[in-house]
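Note sheet for the following structure.
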Amino acid sequence: MPTSQHSQIVARDLDSTFSVPRMKRVWRDHVRTGLRRQPLSDLHDFLDVHRNLKPFLQVLRSEVLGGNYRASIPETVLLEKRDGIPRRLSLPAPADAILLQTIVEILEKAIAAAQPHPNAYYSQSHAPPSPEDVDGTFAYPWWILWPQFQKRIWGFTAACDFVVVTDLANYFDCIPLSKLRNRIVSFGAFNETVIDFLFFLLDAFTWRPFYMPQSGVGLPQINFDAPRLLAHAYLFPIDQELQRSTNGNFVRWMDDINCGVQSANDARKLLRGLEIVLNSLGIRLNTAKTTILPAQEALTHFWISENRAITLVTNLVRGAIVGSTNPVRYRAYARKRYRSFYRRSRVGQWEKVCKRYFTLFSLLGDAYLERTVPEILNNIPALRGSICRYYALIGPSTRRVQHLGDFLRSGRCLDDASLFEVVRTLIAWRGQTRGSRKDAIISLIPTISMLGSETIASSQSTVSGVSSAVWLLSKYGSSDQLSSFLHSSEPIWTRSSWAARQVAAATPLLQETEQTEIRRRIVRSGMVEALRVLANLDQLAQISVLDNQLRKYLLHTPSVHRPYPLEKVIIARVLLRSQLPSMDHLDLRNRLIALLRDPCYVSLLRRK
6 MPTSQHSQIV ARDLDSTFSV PRMKRVWRDH VRTGLRRQPL SDLHDFLDVH RNLKPFLQVL
66 RSEVLGGNYR ASIPETVLLE KRDGIPRRLS LPAPADAILL QTIVEILEKA IAAAQPHPNA
126 YYSQSHAPPS PEDVDGTFAY PWWILWPQFQ KRIWGFTAAC DFVVVTDLAN YFDCIPLSKL
186 RNRIVSFGAF NETVIDFLFF LLDAFTWRPF YMPQSGVGLP QINFDAPRLL AHAYLFPIDQ
246 ELQRSTNGNF VRWMDDINCG VQSANDARKL LRGLEIVLNS LGIRLNTAKT TILPAQEALT
306 HFWISENRAI TLVTNLVRGA IVGSTNPVRY RAYARKRYRS FYRRSRVGQW EKVCKRYFTL
366 FSLLGDAYLE RTVPEILNNI PALRGSICRY YALIGPSTRR VQHLGDFLRS GRCLDDASLF
426 EVVRTLIAWR GQTRGSRKDA IISLIPTISM LGSETIASSQ STVSGVSSAV WLLSKYGSSD
486 QLSSFLHSSE PIWTRSSWAA RQVAAATPLL QETEQTEIRR RIVRSGMVEA LRVLANLDQL
546 AQISVLDNQL RKYLLHTPSV HRPYPLEKVI IARVLLRSQL PSMDHLDLRN RLIALLRDPC
606 YVSLLRRK
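The sequence shown maps to residues 6 to 613 in our numbering.
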């Protein structure tokens with residue numbers, strides 16, 4: 006077939022899939038939120054895409070239909086699981102994320118129709134109940150509590166006296182893409198060109214170090230439903246085996262599986278059958294996390310009584326807050342429960358229960374848990390996000406700054422996600438324009454710039470470290486401090502698309518001559534994402550009328566739990582120096598200052 010004719014067929018096949026209205030809906034409903042929830046946040050909030058969405062999608066569509074589209078190399082970050090062992094996550098470019106999510110949404114209906122059992126889940130928006138949902142209507146004695154727990158939380162019959170708890174070993178990293186393709190194709194008469202394009206994208210997202218050839222194994226982990234849906238669908242044969250072996254008494258959340266059986270012997274037969282099916286799929290059970298639990302031990306493993314107590318207190322506290330009464334009267338009980346919990350053996354789902362305690366004490370506004378923070382922060386990576394959110398909500402103190410600083414300097418912060426969680430907390434706090442706390446935060450910059458998972462060339466600095474430092478200096482540093490850091494870290498950010506975006510987003514905080522110089526270096530680096538940010542900043546600087554989109558974006562009232570974001574402050578600074586009429590400038594400035602409770606942000610708006 007002539008090349009031109011083949012190109013026409015490909016364009017025709019992709020035409021209806023990648024329509025501008027469909028991609029626009031995917032961006033607004035899924036992708037923008039997913040990008041915001043990534044382990045590393047974007048200092049420009051992807052406003053360059055959102056403000057120019059239609060032309061951006063039109064160009065993207067033309068590239069795809071013309072056969073000229075090439076996926077960007079995603080930024081790769083690490084999330085520590087335990088003892089330094091990380092999970093690798095990909096941060097896709099907005100265009101790649103839109104295309105992937107668009108394709109998978111087309112497949113979703115057929116995949117859902119092919120799902121063999123409703124007790125398997127993959128999406129946080131359609132999650133099953135959990136042990137955290139145990140409520141106050143449960144009877145307290147375990148022999149009554151356990152059957153009710155099975156029926157309410159899992160839908161198991163009351164006759165299941167044993168539970169099998171297991172998951173899959175390195176699941177995403179071990180999925181054979183050729184077998185995954187066959188599985189997806191079996192669900193419906195999908196257009197072959199669309200399937201080709203899907204796996205073209207997945208191939209581009211897959212991490213390959215030092216020019217190694219593609220292995221054909223491994224589904225990239227991205228913070229969207231798209232890859233989770235594909236991974237979910239690959240396990241449908243497991244759901245069939247679970248249905249056959251347990252008569253439907255199971256629940257699967259991605260690769261985590263809980264099953265109810267009548268005896269320990271039934272549990273062993275179940276695990277043997279699962280392993281046989283999994284081996285045919287090229288994956289296997291995680292033997293270290295596979296347990297057969299009698300009912301009594303299951304109560305301990307899932308901490309059912311503890312979950313019940315936390316739920317009761319949390320509901321009382323929330324009721325007090327809604328009723329505008331002081332929830333402080335519940336503090337003594339919560340503290341007593343936590344002391345007892347913290348001293349007990351850390352078995353089963355201890356970490357999940359501990360997360361709930363951090364949430365509860367955040368609601369109470371109680372700093373009581375900070376005494377246990379250093380030990381948990383250093384030794385339990387899964388709880389670092391909960392600790393940082395807790396500290397962000399209860400506010401800053403000298404002791405809390407010391408805890409976070411000690412962790413960063415301890416050598417225990419080995420992953421990008423933990424680093425940025427700490428930085429996010431420092432930024433969320435109400436800042437100081439001068440003082441010991443500000444000086445302590447600024448003093449962390451040299452340490453922060455060298456933390457993270459990847460180095461470039463012979464430098465000791467990292468992409469995530471430099472990006473995090475840019476964020477921190479954007480709030481707490483002077484324009485001279487920010488400028489000096491950008492010059493010294495140029496070997497890093499000029500070779501990373503992600504870091505270059507953060508630098509470009511921070512340029513409005515520089516003095517005019519320094520801003521011109523850093524812009525020149527960004528242009529010289531050729532980083533397309535950073536150039537798009539600069540172009541959007543230039544558009545904003547030329548605005549003569551504040552449109553509704555920008556007005557709503559900037560003047561949205563922040564909540565107690567979500568302080569006004571730094572990203573918006575920088576955009577507001579650009580607009581306050583734009584072509585807006587003087588009266589509009591004054592009105593916007595006054596309304597923003599009324600919203601901002603942070604002296605650092607007010608200072609940034611007023612800085613010359």
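Backbone N, C-alpha and C define an ideal beta-carbon position, used for all residues, glycine too.
All figures in this text were calculated on a predicted structure; none of them were measured in a lab.
Of the residues Arg-340, Met-455, Pro-225, the one whose Cα lies closest to the Cα of Asp-208 is Pro-225.
Nearest neighbour of Gln-584 by Cα position, chosen from Arg-500, Leu-542, Leu-559, turns out to be Leu-542.
Under the three-state reduction of DSSP, Ser-608 is assigned to helix. Closest in C-alpha terms to Lys-184, from the list Cys-165, Asp-166, Asn-284, His-492, comes Asn-284.
DSSP, reduced to helix, strand and coil, places Arg-93 within a strand of the structure shown. The alpha carbon of Val-322 has as its nearest neighbour, out of Ala-293, Ser-345, Thr-295, Leu-369, the alpha carbon of Leu-369. For Arg-87, the three-state secondary structure derived from DSSP is strand.
In summary, Gly-531 is exposed, with fewer than 16 beta-carbon neighbours lying within 10 Å of its beta-carbon over all protein chains present. Sorting Lys-294, Thr-452, Asp-261, Leu-581 by C-alpha distance to the C-alpha of Asn-124 places Asp-261 at the top.
Boundaries of the beta strand (DSSP E) harbouring Asp-261: 261-266, taken from the DSSP string. A Cβ-Cβ contact shorter than 8 Å links Phe-229 with Gln-106. In the three-state DSSP reduction, Ile-288 falls in the coil class, being neither helix nor strand. Pairwise C-beta distances place the stretch 79-91 in contact with the stretch 415-427, as three or more of them are shorter than 8 Å. Here Leu-275 has Val-169, Ser-250, Thr-251, Cys-264, Val-266 as same chain residues with Cβ atoms under 7 Å from its own Cβ, once five neighbours each way along the sequence are excluded. Pairing Glu-380 with Arg-405 gives a Cβ-Cβ distance that is not under 8 Å. Within the same chain, Val-109, Leu-112, Glu-113, Ile-116, Tyr-127, Ser-128 come within 8 Å of Leu-234 by CB-CB distance, once the 5 residues on both sides are set aside. Pairing Val-468 with Ile-497 gives a Cβ-Cβ distance under 8 Å. Phe-490 and Ile-523 have their C-alpha atoms roughly 11 Å apart. In this structure Leu-182 touches Gly-221 by the C-beta definition: roughly 5 Å separates them, less than 8 Å. If only complete runs of 3 or more residues are kept, the stretch 387-427 shows no beta strand (DSSP E) anywhere.
Pro-214 is positioned such that its CB atom lies no closer than 8 Å to that of Leu-286. In the three-state reduction of the DSSP assignment, Tyr-127 falls in the coil class, being assigned neither a helical nor a strand state. Between Leu-62 and Asp-20, the C-beta spacing is not below 8 Å. Classified as exposed, Val-190 has fewer than 16 neighbouring CB atoms from the shown chains inside 10 Å of its CB. Under the DSSP assignment, Phe-61 falls in the alpha helix (DSSP H) whose first and last residues are 58-70. Judged by beta-carbon spacing, Tyr-481 lies within the 8 Å limit of Ile-446, meaning their Cβ atoms are closer than that value. Taking all protein chains in view, the Cβ of Met-588 is surrounded by fewer than 16 other Cβ atoms within 10 Å, so the residue is classified as exposed. Between Ser-484 and Leu-514, the gap from beta carbon to beta carbon is short of 8 Å. The C-beta distance from Leu-48 to Ala-505 rounds to 11 Å, too long to fall under 8 Å, and the pair is not in contact. DSSP places Thr-296 inside the beta strand (DSSP E), whose first and last residues are 296-299. Across the structure, Val-427 and Ala-397 are spaced so that their CA atoms are roughly 9 Å apart. Shown here, Asp-172 sits in a strand according to DSSP, grouped into three states. For Phe-363, the enclosing alpha helix (DSSP H) covers residues 355-369. The Cβ neighbour count for Met-217, taken over all protein chains shown within 10 Å, is under 16; the residue is labelled exposed.
One Cα belongs to Gly-223, the other to Ala-337, and the distance between them is close to 49 Å.
For Trp-476, no beta strand (DSSP E) run applies; the uninterrupted alpha helix (DSSP H) run containing it begins and ends at 468-481, by DSSP.
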